[in-house]
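Have a look at the structure below, then the notes.
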Amino acid sequence: MRRGVIIALILVICAMGVHAIPLCDYQSPKTDLSNLTLNFSYQYHNDPYGLEARDISQGQFGFDYVRIFDTPEYGFDIGFDNVMLISADDVSTYIITADGNYKRYFEAEQDYFAFAGSTLRSSSSFQTLGLSFNVGVGSGRFTDVTPLAKATRINDYLISRGSLTDDLHTVDLQILALEIGSAASYETLAELLAVIQEVIESSGFVRLGGLDALDISEITRFIQEEGFARYCGWDIKLGLGYELLDPSGGTNDLLISGSFNYALATTPKAQLLLQGSFSGPPDVFENNRIDITSSYDYFISNFLTAHATYDFSRETWVGVPTDTHRMSLELILSPIDTANVVAGVLLEYRPYFLEWSIDVQLSIQMDLL
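Anchor point for the sequence shown: position 260 equals 256 in the working numbering, and the numbering is continuous, going up by one each time.
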C-alpha cells in the first residue's frame, strides 16, 4: 500500500517539475497544533531612604495556550489567555479569556464547515463572569508540515557536512517526509531509519562510502526531536451567539462574533502563528471586544532560539475603547542538553499608563540529576 502511494506521489511531483516545493504545499491528513507560552516577572526594591511610597514589590504572571486540531472530517480549536498583576501595595488585577470551537466540514475534501463554540471571560474589573455561546459557518484548514520540515533539515545537515554533494531531488524530499510522517506504522525505529537511508543513498548525491554512523545519529535526532513542529494554513469564522452571563451585570444580549487563525512556516527554522476574535451585541460599534495574539519562533542554531509574542485586546463600552498591549522577546540559549539560559524583555501598556512598563529578565536553568 505504501509503495503504491509513493509511486503515485512521484508521478504527481514529476508532472509539477523539479523545483523545491514550499513547506506549505505539503499536505497532511491530520494536524494537531499546540503553542504554550509562560512568563513571570517580579521586582522588589526597598528605598534606602526609608520612603515607603518608593518601595516596590510587584510581579506579573502570564499564561497563553493555543491548540488547533484538524482532520478531513472535523476539527476544533482552543484558546486560553491569562494575565495577572500582583502587588503588595495595590489590589491585584487579572484578565482571563478562554474560548473553544468545534467544527464539522460539509464535505471531507472541502474547506467549508459549520461550528459551535463558547467563550468565557473574567476580570478583576468585571462585575460578574462573562459566558456566551455561538454558532456559525466558516472556511479554511490547517496542515502539519513538520515531516517535510524535518526532511529539509536532514538534507541541509548532510549538505553542510559534505555527506551529500547536492540537494536531494524534490521527489526524494517528499518521500522522506511521507516516511517520517508515517513513523508510527513502523514496528521499530531501526526499520524507519533503514528506509530513509535507502532513499538518501539511492539519490545519487551521496559521497563515496555512503552515510556514516554520525549521519545516522543526526538523522535519528532530527526525527525524534521533541518540541519541533511546523504548521501552515488558516481559517475564518462568522456567527451569532447568545450571552448567558453579561460581565457588566447588564441584560443578556444577542451577539455577533467572528474569529480567525493563521499559521505560516516559510522555512524549517521559522514559525508564525496568529489568532484573533471579536464579539459584541447588535450595536457592535458601541460595545465590543477584540483580541489578537501572535507569536514568532526562529531557530537560529542548535543551541539558540528566538521567541517573540504580541498580544492586543480592546474593550469598547458605550463607544469608549480601552486598549492593552503586551510584547515580549526571548532568546533561549542551550549550550548543553541539561542547561538553558533565557534572556527576555517584556513590555506592556495598559489603560491610564503614562508610559510603557519594561521588565528585563535573565534566568539560568540546569538539571543536576
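Glycine is no exception: its CB is placed at the ideal position from the N, C-alpha and C atoms. Computed from a predicted model, the values in this text were never measured in an experiment.
{"Item": "Terminal residues of the beta strand (DSSP E) in which E344 lies", "Value": "335 to 345"}
{"Item": "The region 44 to 58 / the region 21 to 32 touching (three or more Cβ pairs under 8 Å)", "Value": "no"}
{"Item": "Touch test, the region 224 to 241 against the region 131 to 139, Cβ-Cβ under 8 Å, three pairs minimum", "Value": "yes"}
{"Item": "Paired residues, beta bridge with F72 - DSSP", "Value": "F65, Y98"}
{"Item": "Straight-line Cα distance separating E326 from F299", "Value": "14 Å"}
{"Item": "Cβ distance (whole Å) where Y101 is taken to contact Y70 below 8 Å", "Value": "7 Å"}
{"Item": "Of the listed residues S353, G177, R285, nearest to S324 (C-alpha basis)", "Value": "S353"}
{"Item": "Bridge partners - T27, DSSP secondary structure assignment", "Value": "D66"}
{"Item": "Spatial distance of G0 from S159 (CA atoms)", "Value": "Caution applies to G0, whose pLDDT of 45 falls short of 50 and renders its modelled position unreliable; the model cannot decide the point."}
{"Item": "Where the beta strand (DSSP E) containing T305 begins and where it ends", "Value": "300 to 313"}
{"Item": "Three-way DSSP call (helix, strand, coil) for D293 in this model", "Value": "strand"}
{"Item": "Beta-carbon gap between G237 and N130 smaller than 8 Å", "Value": "yes"}
{"Item": "CA nearest to the CA of N151, picked from L172, T142, T139", "Value": "L172"}
{"Item": "DSSP three-state assignment for K146, whether helix, strand or coil", "Value": "helix"}
{"Item": "Buried or exposed (CB count within 10 angstroms, at least 16 for buried), S30", "Value": "exposed"}
{"Item": "Length of the line joining the Cα atoms of V79 and T262", "Value": "31 Å"}
{"Item": "Same chain only: Cβ atoms within 8 Å of E105, ignoring 5 sequence neighbours per side", "Value": "P68"}
{"Item": "In DSSP terms, what L47 is bridged to", "Value": "Paired residues: none, contrary to the question."}
{"Item": "Alpha-carbon to alpha-carbon, Q220 and A259", "Value": "23 Å"}
{"Item": "Closest residue to Y294 among L342, G206, L329 (Cα-Cα distance)", "Value": "L329"}
{"Item": "Reference H303; option with closest CA among W313, S290, D168, S309", "Value": "S290"}
{"Item": "Cβ neighbours of P264 in the same chain (closer than 6 Å, five flanking residues each side left out)", "Value": "A145, T148, R149"}
{"Item": "Cα-Cα separation, V8 to F72", "Value": "Unreliable positioning characterises V8 in this predicted model, as indicated by a pLDDT of 39, which lies under 50. The coordinate reading is nonetheless provided below. The straight-line gap from Cα to Cα measures roughly 31 Å."}
{"Item": "V316 burial status per 10 Å Cβ neighbour count (16 or more: buried)", "Value": "exposed"}
{"Item": "S83 versus A180 - alpha carbon distance", "Value": "49 Å"}
{"Item": "Helix, strand or coil at S128 [DSSP, three-state]", "Value": "strand"}
{"Item": "Nearest candidate by alpha-carbon position, reference R157, set Y45, D168, D208", "Value": "D208"}
{"Item": "Whole-Å CB distance - L164 paired with S198, under 8 Å assumed", "Value": "Between S198 and L164 the Cβ distance is about 10 Å, and since that is not below 8 Å, they are no contact."}
{"Item": "M12 versus V356: straight-line alpha-carbon distance, rounded", "Value": "Unreliable placement is indicated for M12, whose pLDDT of 37 sits below 50; the coordinate value is still reported in the next sentence. Cα-Cα distance, rounded: 50 Å."}
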